[in-house]
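Inspection log for the structure reproduced underneath, given as structure tokens.
Residue numbers (our numbering): 89 to 240.
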């Protein structure tokens, strides 16, 4: 039988797609929350963080949202394979930190290269880790409720 059309393989792919979609939506939700927090609180309260404010919903904002959703999709699919049926919290935390720190530290690196201050980029790095932590929470909850099956 053709491996591509194998029903069990297709079911696993569908579960991975569901997991990725949920993680992408989770990161989009976190992105909206942190964007609101940045615009309404941080940028107005701390002059050093004024660069975090987004003036309007333009193409740049939509591209950022697309990157966030795609990062979430990749995280979700990978997270499902990382944790499998294992209950070890260190494996889960390692997956979250790996994705969050790669995304966050790359933002800090850009900040060091392009800006006089790195503080706003450190805030973005912390946000990245929190985003992936929130996505992991939603994925774990969905797995406990049986909406998504862990990888065997």
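C-beta: ideal position from N, C-alpha, C; glycine also.
Spatial neighbours of residue 212 within its chain, please: C-beta separation below 7 Å, excluding the five flanking residues on both sides.
To locate residue 212, count along the chain shown from 1; it is residue 124. Result list for residue 212: 192 and 195, in chain order.
Can you tell me the Cα-Cα spacing of residue 226 and residue 94, whole angstroms?
Counting from one through the chain shown, the residue named residue 226 turns up at place 138. Counting from one through the chain shown, the residue named residue 94 turns up at place 6. Taking the straight line joining both Cα atoms gives about 29 Å.
Run through the segment 162-223 for me and flag every whole alpha helix (DSSP H) of 4 or more residues, listed as ranges in chain order.
Counting only runs of 4 or more, we get 177-202.
Since residue 237 contacts residue 103 with CB under 8 Å, what's their CB separation in whole angstroms?
Counting from 1 along the chain shown, the entry for residue 237 is found at position 149. Counting from 1 along the chain shown, the entry for residue 103 is found at position 15. Going by Cβ atoms, the distance from residue 237 to residue 103 rounds to 5 Å, so yes, they are a contact pair.
In the DSSP assignment, find the alpha helix (DSSP H) that holds residue 117 and state where it starts and stops.
Residue mapping note: residue 117 aligns to position 29 of the chain shown, counting from 1. Counting along the chain, the alpha helix (DSSP H) containing residue 117 begins and ends at 95-125.
Do residue 218 and residue 118 have their beta-carbon atoms positioned less than 8 Å apart in this structure?
Taking the chain shown and counting its residues from 1, the one referred to as residue 118 is at position 30. Taking the chain shown and counting its residues from 1, the one referred to as residue 218 is at position 130. Yes; because the gap between Cβ atoms is below 8 Å, this pair is in contact.
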